[in-house]
Amino acid sequence: MNFKYFQRFCFGIFILSLLAVFSCNPNKSQAEQNQHTSSDVISFKYSTKNKNFVSAHRGGSGIKGFPENCIETFDYLAQKGIQIFEIDVAETKDNQLILMHDNSLQRTTTGRQDVNQVDLKMIKEYFLVDDFGQQTSYRVPTFAEALNWGKSKPIYFMVDIKKGVDYRDIVSTIEQTNMQKKVVLVTYTVGQARKLHQLAPNMLLSVSMRNERELNEMINSGIPTDKMVAFTGTRRNEKSFLDKIHDKDILVIFGTLGNLDKSASTRNGQLYRDLEKDGVDIFATDRALDVHQTINKN
1 MNFKYFQRFC FGIFILSLLA VFSCNPNKSQ AEQNQHTSSD VISFKYSTKN
51 KNFVSAHRGG SGIKGFPENC IETFDYLAQK GIQIFEIDVA ETKDNQLILM
101 HDNSLQRTTT GRQDVNQVDL KMIKEYFLVD DFGQQTSYRV PTFAEALNWG
151 KSKPIYFMVD IKKGVDYRDI VSTIEQTNMQ KKVVLVTYTV GQARKLHQLA
201 PNMLLSVSMR NERELNEMIN SGIPTDKMVA FTGTRRNEKS FLDKIHDKDI
251 LVIFGTLGNL DKSASTRNGQ LYRDLEKDGV DIFATDRALD VHQTINKN
């Protein structure tokens, strides 16, 4: 090998090395992975809200091949723009937190026992079943598995805590997965809200504000309003009532579950557009994709 050829060879190796270093820069790739547009970020303050949102009831229901409370369903919906997932957290016989709405495994899995009569190892042997009774290849996720799935995504979980589950276990799991800023803890009474706020003062709460009495109770509860999202129930309220909630810089969640979703499906989604005009900010629905495609259209 002559000297001139050797110089060219060494220079080529040097250039290739530089390209490899810059293309594998972990800081750059991580920054790119964590980069989301401003429209992706959910603001739970009414004054800084950038659009209306959909909360997929039970993590997504009524979708063939995709069961409720299932990570694969979250992933499917997230790819189509859904950013809020209402999930149900239950406890197994060996005190493990899993996603499950019913007391029994029978409707949504290939198991037949009650959730609190089976340990996690056995539950993990069962398969999830979709809303049409079709068995899938998906398994029951733990609460921690769901939280970890959502870490790198611009999504929030509305956490509905089933009866008998210790609030401290819920809060501990959220803290262990570092998801405090990406959950909303669902409450139904002032007492529940106060207890959860005491355990997790920095986490958001979904609180009941279905009427003037509940609105006043929550405002006077001692819980800061910047930690509240107002669930106004499943019966339509006057726009003036929602305006009062917005005056407190609180977002409104409304449930179109059941009959309202069915009614909207026969009217080409007009009900959702009407509710949007009334002031609904977050739609809790069994028709997540349909609502998502209807709202925020000019």
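Residue numbers for the sequence shown follow UniProt numbering, so the first one is 1 and each next one is one higher.
Ideal placement from N, C-alpha and C gives every residue a C-beta, glycine not left out.
Closest by C-alpha distance to Ala193, when choosing among Glu276, Ile219, Glu212
For the purposes of this step, residue 193 is taken as the residue at position 193 of the sequence shown. Selected option, being the one with the closest Cα: Ile219.
Beta carbon of Gly59, beta carbon of Phe44: below 8 angstroms?
Here residue 59 corresponds to residue number 59 of the sequence shown, with the count starting at 1. Here residue 44 corresponds to residue number 44 of the sequence shown, with the count starting at 1. The answer is no: Cβ separation not under 8 angstroms.
DSSP state of Lys64 mapped onto helix, strand, coil:
Here residue 64 refers to the residue found at position 64 when the sequence shown is read from its first residue. Lys64: coil per DSSP, three-state reduction.
Starting from the C-beta of Thr234, find all residues in its chain whose C-beta is less than 8 angstroms away, skip the five residues before and the five after it, and write them out in chain order.
Locating residue 234 in the sequence shown gives position 234, counting from the first residue. So the qualifying residues of the chain are Phe254, Gly255, Thr256, Leu257, Gly258, Leu260.
Between the CA atoms of Thr109 and Lys124 - distance to the nearest angstrom
Taking the first residue of the sequence shown as position 1, residue 124 is located at position 124. Taking the first residue of the sequence shown as position 1, residue 109 is located at position 109. Their backbone Cα atoms lie some 10 angstroms apart in a straight line.
Simplified DSSP state of Val165, which is helix, strand or coil
As a position in the sequence shown, residue 165 is number 165, starting the count at 1. If DSSP states are grouped into helix, strand and coil, Val165 belongs with coil.
Could you give the uninterrupted runs of the alpha helix (DSSP H) lying entirely in the segment 189 to 222, keeping only those of 4 residues or more?
190 to 199, 212 to 219
Distance, Cα to Cα, Leu275 vs Lys93?
Along the sequence shown, one-based indexing puts residue 275 at 275. Along the sequence shown, one-based indexing puts residue 93 at 93. Near 42 angstroms, if we compare the C-alpha coordinates of Lys93 and Leu275.
Tell me Leu97's beta-bridge partners as DSSP assigns them.
Within the sequence shown, residue 97 is the residue found at index 97, counting from 1. According to DSSP, which records beta bridges pairwise, Leu97 is partnered with Glu91.
How far does the beta strand (DSSP E) with Ser55 in it extend, from its first residue to its last?
In the sequence shown, counting from the first residue as 1, residue 55 sits at position 55. That run of the beta strand (DSSP E) goes 53 to 56.
Are Asn69 and Ile87 close, meaning C-beta to C-beta below 8 angstroms?
As a working note, residue 69 is residue 69 in the sequence shown. As a working note, residue 87 is residue 87 in the sequence shown. It is a contact, given that the beta carbons lie within the stated cut-off.
Cα separation between Thr232 and Glu145?
Within the sequence shown, the letter at position 232 stands for residue 232. Within the sequence shown, the letter at position 145 stands for residue 145. Rounded to whole angstroms, Thr232 to Glu145 spans 30 angstroms at the Cα level.
Just checking my contact of Val190 with Leu205 at CB under 8 angstroms: how many whole Å lie between their CB atoms?
Indexing the sequence shown from 1 puts residue 190 at position 190. Indexing the sequence shown from 1 puts residue 205 at position 205. Not confirmed; about 11 angstroms, so no contact.
Which value, in whole angstroms, describes the spacing of the CA atoms of Gln293 and Arg273?
What you label residue 293 is simply residue 293 of the sequence shown in a count that begins at 1. What you label residue 273 is simply residue 273 of the sequence shown in a count that begins at 1. Approximately 11 angstroms, taken between the alpha carbons.
Tell me whether Val183 sits in a helix, a strand or coil according to DSSP, three-state version.
Numbered from 1 along the sequence shown, position 183 holds the residue referred to as residue 183. Annotated three-state conformation of Val183 is strand, per DSSP.
Considering only the alpha carbon of each residue, which of Ile84, Pro154, Val140 lies closest to Gln96?
Residue mapping note: residue 96 aligns to position 96 of the sequence shown, counting from 1. Residue Val140 is the option with its Cα nearest to Gln96.
Whose CA, out of Val165, Ile170, Val54, Gly164, lies closest to the CA of Lys80?
Residue 80 sits at position 80 when you count from the first residue of the sequence shown. Per the Cα distances, Val54.
When DSSP labels each residue in this structure, what does Leu105 get in the three-state scheme?
In the sequence shown, the residue the question calls residue 105 occupies position 105. DSSP places Leu105 in coil when its eight states are reduced to three.
Please report the Cβ distance between Ile250 and Val280, rounded to the nearest whole angstrom; I am assuming they are in contact, meaning their Cβ atoms lie under 8 angstroms.
Position 250 of the sequence shown holds residue 250. Position 280 of the sequence shown holds residue 280. Between Val280 and Ile250 the Cβ distance is about 13 angstroms, and since that is not below 8 angstroms, they are no contact.
Since I believe Gly65 is in contact with Asp130 (beta carbons under 8 angstroms), could you give me their beta-carbon distance rounded to a whole number of angstroms?
For the purposes of this step, residue 130 is identified with residue 130 of the sequence shown, where counting begins at 1. For the purposes of this step, residue 65 is identified with residue 65 of the sequence shown, where counting begins at 1. Sure, about 6 angstroms apart at Cβ, within 8 angstroms.
Same chain only: Cβ atoms within 6 angstroms of Ser23, ignoring 5 sequence neighbours per side
Here residue 23 refers to the residue found at position 23 of the sequence shown. Residue placement at Ser23 is flagged as unreliable, the pLDDT there being 44, under the threshold of 50; a coordinate-derived value is accordingly withheld.
Option in Glu217, Gln106, Pro201 with minimal Cα separation from Ser208
Here residue 208 refers to the residue found at position 208 when the sequence shown is read from its first residue. Nearest option by C-alpha distance: Glu217.
CB-CB length for Gln180 against Asn202, believed under 8 angstroms:
What you label residue 180 is simply residue 180 of the sequence shown in a count that begins at 1. What you label residue 202 is simply residue 202 of the sequence shown in a count that begins at 1. About 6 angstroms separates the two Cβ atoms, so the contact holds.
Secondary structure at Ile42, three-state DSSP: helix, strand or coil?
Walking along the sequence shown from the start, residue 42 turns up at place 42. Here Ile42 sits in coil by DSSP.
Nonlocal neighbours in the same chain, by C-beta distance under 6 angstroms from Tyr76, ignoring five residues either side
Residue 76 sits at position 76 when you count from the first residue of the sequence shown. The residues are Phe66.
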